[in-house]
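**Student:**
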Amino acid sequence: MRRLLVAAAAAALALSACSSGGGAGSDGNVTITFWDNNGGPAREPIYKELISRFEAANPTIKVEYVGIPSASVQQKYDTAIAGGETPDVGGVTTSYLAHLVGQQALAPLDDRINGGALKDKLLPSLVETVRQTAPDGKLYIVPSSANMDIIWYRTDWFEAAGLEPPKTWDEFTTAATRLTDAAANRYGYTIRGGAGSVFQLITEAYAYSGVDSFFKDGKSTLGDSANAELVDKIAKLYKKATPEADVNNSFTQMIAQFTGGSVAMMHHNLGSYSDVTKALGDKVAAIPLPVGPGGKRTVVPNPTDGFAVFNNSEHQDAAWKFAEFLTSAESNSYWNEKVGQIPANTDVRSAAWIDEAAHVKMALGVLEDPATVLVPAPVYLPQYSSITKADNEPQYQKVLLGELSAQDFLNTMAEQLTAAQKEWEDRK
Amino acid sequence: MTETLGKTDTLVREIAGTTHAPPPTGRRRRRAVAEEPGKPWMIRVPLVLYLLFTLVPFYWMLVFAVRPTGSTQLVPWPVSFEHFDTVWNDIGFGVFFYNSVVMGLGVLVFVTILSVMGGYALARFRFRGQRVFLLAMLCSQFIPGAMMLIPLFVIFKGLGLLNSITGLVIAEVAFQLPLSLILMSGFIRNISVELEEAAMVDGCSRPRAFFAVVLPQLKPALVAVGSFAFIGAWNNFLFALMFATRQDKFTLPVGLSYTLGEFNTDFGALAAGGVVAAVPVVLVFAVVQRFLVQGLSAGAVKG
Chain A
1 MRRLLVAAAA AALALSACSS GGGAGSDGNV TITFWDNNGG PAREPIYKEL ISRFEAANPT
61 IKVEYVGIPS ASVQQKYDTA IAGGETPDVG GVTTSYLAHL VGQQALAPLD DRINGGALKD
121 KLLPSLVETV RQTAPDGKLY IVPSSANMDI IWYRTDWFEA AGLEPPKTWD EFTTAATRLT
181 DAAANRYGYT IRGGAGSVFQ LITEAYAYSG VDSFFKDGKS TLGDSANAEL VDKIAKLYKK
241 ATPEADVNNS FTQMIAQFTG GSVAMMHHNL GSYSDVTKAL GDKVAAIPLP VGPGGKRTVV
301 PNPTDGFAVF NNSEHQDAAW KFAEFLTSAE SNSYWNEKVG QIPANTDVRS AAWIDEAAHV
361 KMALGVLEDP ATVLVPAPVY LPQYSSITKA DNEPQYQKVL LGELSAQDFL NTMAEQLTAA
421 QKEWEDRK
Chain D
1 MTETLGKTDT LVREIAGTTH APPPTGRRRR RAVAEEPGKP WMIRVPLVLY LLFTLVPFYW
61 MLVFAVRPTG STQLVPWPVS FEHFDTVWND IGFGVFFYNS VVMGLGVLVF VTILSVMGGY
121 ALARFRFRGQ RVFLLAMLCS QFIPGAMMLI PLFVIFKGLG LLNSITGLVI AEVAFQLPLS
181 LILMSGFIRN ISVELEEAAM VDGCSRPRAF FAVVLPQLKP ALVAVGSFAF IGAWNNFLFA
241 LMFATRQDKF TLPVGLSYTL GEFNTDFGAL AAGGVVAAVP VVLVFAVVQR FLVQGLSAGA
301 VKG
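From first to last, the protein sequence lines are chains A and D.
Residues 1 to 428 in UniProt numbering are what the first sequence lists, from first letter to last.
Residues 1 to 303 in UniProt numbering are what the second sequence lists, from first letter to last.
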């Protein structure tokens, strides 16, 4: 028995001896690991191209690409942090940034950004969003691109009906009703009633109400009666100007309906650009979310994407070099052109492709317009995702089905958010 | 194999008489059902409905997989294999498939061997702490895999088992073993001790008696436990996702979730990947289902 144990221990030791891979070789070459937080066949080739450019420019650094399925990325980071096996550099968005900072997994990047080529080259609204997400106000990711909620609409249907793309919510509901022909299986709009519904609904509510901050004196403004008015308007469209199945729509179903040609307008974001244009070509265009009766444009910003350097990395300098390369004007331009998002590097604004990508130009215009008010949702709250998903998505379905009033629905959620915000402030 | 089985059958009857009659074979069972009085449509109509209900999603998957991008036809013709080409060559399902097969077979072999050995010990020997051991085995089933993730991750990191199929096999075997062990000991308990004793009286050692008398009768149990082990490993997503940080160590479920982007999903590729992942499971069940029914019923009814 004892001999067996000794053998097992020896085997374990031998195994652990071979495990220390990577690291600096004797020739000064280093290998760094890069985790793509939205890995998949759509983006992998873009990163692979950028990596080969980087390696050509920095022959002593090799980059190992790992694509993480986006649905599991937060869990994957958590496990890696607990096990001390984090990558050197990784894609991180503001939606789980606070969580990673809370575990002290990331290295602050303020000095590196200000001491290098990226100084004053990053879109201020994005830098601000990143700063607000960390409890200590430091920059733990270098922002690379942003997304924005928009409405995709069928230009051909609007033209045929003699309608202008809506600028206000009232025009919007009128258009949605007029473009509906249920007998022909054509609907004016599609509501996201399933997974992810509430986040989207919040952006609509604030776009309508013009309420300009998420908390006032520590209390959530979500229950504002103007917000409830909008929710009510949307719920009234359900089944009249939208397919009945919408109550369970997640974004995949929504996009399938839109690209399948049975819906005139869809609220999603720039990220669905490649899907909608692949299916509908030039018969589709984007407009910002309509404004409410006040005429003020308020935008709830989407999570900002960026790159983080991990504290555990033995090669933080090389890791930063790579992150900086990815955010440089040339790489940032290449990346955002391919995925159709808003580039963080302000030098990219003059790139030729932006003039052709009408939807990106439109979104950049909204973000850069001094009259636009950003209303960041408190994604830094640990309970934010459970409140907006598990707790309230089923409630929103009740609103759609007419079993719960819009005001009661928002009041409950506002109370939950206020409580979570108070807990957060107390702990700071 | 069948010859041994035949011989043991006679042995059973000779030695044990009627008290230990062998479990009825599949054919005999089917005939018994057909002889039951009643109207056949009462069984068939609900079954057909249920079958349709189950098969329609598979049909959709198949349709999406073999029709070209952008097509919306319900009966895809001509069939296109572009999505299979994409998933197998571009996304890397070739590698994922290989990893899954190696892992599945590894789990199958180890779970089967270990559960036969352990199950035999549990069924045939009395030892101190046996009940506690069994209870612990049962209780371990209450712990969800996600809870063990971080401890396992840390241990595997220390042992250098991250990013290796070996590590996945070890984790999966550890999780599947308790239930397999309990199942297997139930099977073995149903095989009469007298058979082994008779063999030993005739001069067999205990191991020899085991291989000559017990193992052949365990065939349905081996198939049941082994195929469940294989399919469990084949479908496991969590461990494969967490313990592999290199793409060349991904398995099929991880590869499938890899085709689901945050903003865009290539449904054709996803469906083709689903077909690639489902076909081996369907094949395994098609081959073993006969034994599976035998094995399950042998375990369910005390002989």
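Glycine included, every Cβ here is placed at the ideal spot set by N, Cα and C.
Everything numeric in this text was worked out from a predicted model, so none of it was measured.
Counting only beta-carbon atoms, is Val173/D nearer than 8 Å to chain A?
**Tutor:** It does not: the Cβ of Val173/D has no partner Cβ on chain A nearer than 8 Å.
**Student:** Would you mind reading off the limits of the beta strand (DSSP E) that contains Gly67/A?
**Tutor:** Ile61 to Pro69
**Student:** When DSSP builds the beta bridges, which residues end up paired with Ser220/A?
**Tutor:** DSSP lists Phe215/A as partners of Ser220/A.
**Student:** Between the region 76-92 of chain D and the region 292-299 of chain A, do at least 3 Cβ pairs fall closer than 8 Å?
**Tutor:** no
**Student:** With DSSP as the reference, label Phe285/D as helix, strand or coil.
**Tutor:** Here Phe285/D sits in helix by DSSP.
**Student:** According to a CB-to-CB cut-off of less than 8 Å, which residues of the region 243-258 of chain D neighbour chain A?
**Tutor:** Thr245, Arg246, Gln247, Val254, Ser257 and Tyr258
**Student:** Give me the DSSP bridge partner(s) of His267/A.
**Tutor:** Per DSSP, Ile151/A.
**Student:** Which chain A residues sit within Cβ distance under 7 Å of Ala271/D?
**Tutor:** Near Ala271/D there are no residues of chain A at all, since even the closest Cβ is about 13 Å away, more than 7 Å.
**Student:** Is there a C-beta anywhere in chain D that falls below 8 Å from the one on Thr418/A?
**Tutor:** no
**Student:** Run down chain A in chain order and give the residues with a C-beta less than 9 Å from the C-beta of Gly261/D.
**Tutor:** Ordered by position in chain A, the residues that pass the 9 Å Cβ test against Gly261/D are Asn38, Gly39, Gly40, Pro41, Ala42, Arg43, Pro69, Ser70 and Gly271.
**Student:** Taking Cβ positions only, does Val281/D come closer than 8 Å to chain A?
**Tutor:** no
**Student:** For Asn114/A and Glu44/A, what's the separation of their Cα atoms in angstroms?
**Tutor:** 29 Å
**Student:** Would you call Pro87/A buried or exposed, if buried means 16 or more other Cβ atoms sit within 10 Å of its Cβ?
**Tutor:** Pro87/A is buried by the Cβ-count criterion.
**Student:** Hey, out of Val89/A, Ala82/A and Thr93/A, whose CA is closest to Asp305/A's CA?
**Tutor:** Thr93/A
**Student:** Name the chain D residues whose beta carbon is nearer than 7 Å to that of Val66/A?
**Tutor:** Thr245, Arg246 and Gln247
**Student:** Can you tell which of Leu109/A, Asn345/A and Glu337/A has the C-alpha that lies nearest to the C-alpha of Ala352/A?
**Tutor:** Glu337/A
**Student:** Quick check: Tyr187/A and Ser272/A, are their CB atoms within less than 8 Å of each other?
**Tutor:** No, the Cβ-Cβ distance between Tyr187/A and Ser272/A is not below 8 Å.
**Student:** When DSSP labels each residue in this structure, what does Thr86/A get in the three-state scheme?
**Tutor:** coil
**Student:** May I ask you to list, following chain order, the residues of the region 124-158 of chain D that have a beta carbon less than 7 Å from some beta carbon of chain A?
**Tutor:** Leu149, Ile150, Phe153, Val154, Lys157 and Gly158
**Student:** Just reading off the beta strand (DSSP E) that Asn332/A is part of, what are its end residues?
**Tutor:** Taken as a continuous stretch (DSSP letters only), Asn332/A belongs to no beta strand (DSSP E), being part of the alpha helix (DSSP H) at Ala329 to Val339.
**Student:** Would you say Lys76/A faces chain D, with C-beta separation under 8 Å as the test?
**Tutor:** At a cut-off of 8 Å, the C-beta of Lys76/A has a neighbouring C-beta in chain D.
**Student:** Quick one, are the C-beta atoms of Leu108/D and Phe230/D less than 8 Å apart?
**Tutor:** A contact, by the Cβ cut-off of 8 Å.
**Student:** By DSSP, does Ala195/A sit in helix, in strand, or in coil?
**Tutor:** coil
**Student:** Within its chain, find whatever has a CB closer than 6 Å to the CB of Ser164/D; leave out the 5 residues flanking it on each side and keep chain order.
**Tutor:** none
**Student:** With DSSP run on the structure shown, which of helix, strand or coil describes Thr94/A?
**Tutor:** helix
**Student:** Are Leu280/A and Thr259/A closer than 8 Å when you measure CB to CB?
**Tutor:** yes
**Student:** Note down, in chain order, every chain D residue with its Cβ under 8 Å from the Cβ of residue 437/A.
**Tutor:** Any property of residue 437/A remains undetermined from this structure, which presents chain A solely from 1 to 428.
**Student:** Suppose the cutoff is 8 Å on Cβ atoms and the five residues either side in sequence are ignored; what does the same chain contact list for Ile55/A look like?
**Tutor:** It is worth fixing the name first, because residue 55/A is Glu in this sequence and not Ile. Answer for Glu55/A: Ile61, Lys62 and Val63, listed in chain order.
**Student:** Does chain D have any CB closer than 8 Å to the CB of Ala24/A?
**Tutor:** At Ala24/A, the pLDDT of 49 sits below 50, so the modelled position is not reliable and the matter cannot be decided from this model.
**Student:** Could you pull the start and end residues of the beta strand (DSSP E) that Asn114/A belongs to?
**Tutor:** That residue, Asn114/A, is in no beta strand (DSSP E); its alpha helix (DSSP H) goes Asp110 to Asn114.
**Student:** Anyone know if the C-beta pair for Glu118/A and Leu139/A falls short of 8 Å?
**Tutor:** Residue identity check: residue 118/A is Leu in the sequence provided, not Glu. Cβ distance not < 8 Å, so Leu118/A and Leu139/A don't count as in contact.
**Student:** Which residues in the same chain as His83/D place their Cβ atom closer than 6 Å to its Cβ, once the five residues preceding and following it in sequence are excluded?
**Tutor:** Excluding residues within five positions, the ones whose Cβ falls inside 6 Å are Ala65, Gly268, Ala269 and Ala272.
**Student:** Please check the pair Gly255/D and Ile91/D, which I expect to be a contact at CB under 8 Å, by giving their CB distance rounded to whole angstroms.
**Tutor:** 7 Å
**Student:** Give the single residue among Asn37/A, Leu50/A and Thr33/A whose Cα lies nearest to the Cα of Phe325/A.
**Tutor:** Leu50/A
**Student:** With distances taken from CA atoms, which of Leu241/D, Val116/D and Thr69/D is nearest Pro207/D?
**Tutor:** Val116/D
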